[in-house]
Structure formats: C-alpha cells, structure tokens
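Each remark here refers to the structure printed beneath this line.
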Amino acid sequence: MALYSTGTSTQYTGNGITTVFAVPFAYVDIDHIYVEVDGVELTNGVGYTVSVPGTSGSVTLGVAPANGTSVRVYRQVPLLQELVLHPPGPHRCRVLLL
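Residue numbering for the sequence shown follows numbering that gives the first Met the number 0, starting at 0 and increasing by one per position.
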C-alpha cells in the first residue's frame, strides 16, 4: 500500500494532563510510529500505545508529559523493497537519450 502523505512528524507541548495526542498522517503499521518526550524516545507498548493504522490515529502516553514538555510524534518506515523485478522481463528499464 502506498502512503500519499508528505507529513511525517508533528510536535505538541505537554500540559501535565493530556495523554492522547493525534497522529495526523497516514501509517500502515503501529511499529512505524515513534514518540519522543523532550528528545528521549519512548518504548512502544511500554511508554505509549498507538491506535489502529489508517489515514490518521492517535498515541496514548502512559503518563501525561509535564507542563511545557516537548512531545514529538513521528513516522519512520523501514527502507524495504518487497517487490523483486528480475531483468530481462516485462519491467526492463530503458535509457532515453535526449
């Protein structure tokens, strides 16, 4: 599935009360979503949980970040190519000289 989203990160400020933060960009796997609080990366499943993948969602932190704390939610997708194209085949590349 292709992700047609250019946003990969969003920033929030903790207030000591809020524990749910929106993920305003698409993701296909909860393991692609990461959270940092004041630059320290939290552990998925321990420090936070991620809602079901889709066009948007949310992360829920176990403890509300203190007032003024920086909360960064970002997507990091592994660089994988799961489709193998074998030359020479119907997908052969052509070099075009202009």
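Ideal Cβ positions, reconstructed from N, Cα and C, are used throughout, including at glycine.
Predicted model only: the values in this text are computed from it and were never measured.
With 16 other CB atoms within 10 Å as the buried threshold, where does residue i fall?
i, result
"Ile-16", "exposed"
"Leu-78", "exposed"
"Ala-25", "buried"
"Glu-81", "exposed"
"Val-49", "buried"
"Pro-83", "Residue identity check: residue 83 is Val in the sequence provided, not Pro. It is exposed - the Cβ of Val-83 has fewer than 16 other Cβ atoms within 10 Å."
"Val-22", "buried"
Using a Cβ-Cβ cut-off of 8 Å (strictly less than) and excluding sequence neighbours within five positions of residue i, which residues of its own chain qualify?
i, result
"Gly-13", "Val-36, Ala-63, Pro-64, Ala-65, Asn-66, Gly-67, Thr-68, Ser-69 and Val-70"
"Thr-18", "Thr-59, Leu-60, Gly-61, Val-62 and Ala-63"
Might you give, ordered along the chain, the residues of its own chain that have their beta carbon closer than 6 Å to the beta carbon of residue i, omitting 5 neighbours on each side?
i, result
"Val-34", "Leu-41, Tyr-47, Val-58 and Val-72"
"Tyr-11", "Phe-20 and Val-70"
"Leu-2", "Only weak support exists for where Leu-2 lies, its pLDDT of 49 falling under 50; the value from the coordinates is given anyway. Only Ala-25 meet the Cβ criterion."
Put residue i into one of helix, strand or coil per three-state DSSP.
i, result
"Ile-29", "helix"
"Leu-78", "coil"
"Ser-57", "strand"
Would you say residue i reaches chain B, if we count a Cβ-Cβ gap shorter than 8 Å as a contact?
i, result
"Tyr-26", "Absent from the structure is chain B; it holds one protein chain and no more."
Thinking C-alpha only, which one of the options is nearest residue i?
i, options, result
"Val-45", "Ala-21, Ala-25, Leu-60 and Phe-24", "Leu-60"
"Thr-7", "Gly-38, Val-19 and Val-76", "Val-76"
For residue i, I'd like the list of residues in its chain whose CB is within less than 7 Å of its CB, leaving aside the five on either flank, ordered along the chain.
i, result
"Thr-54", "Ala-25"
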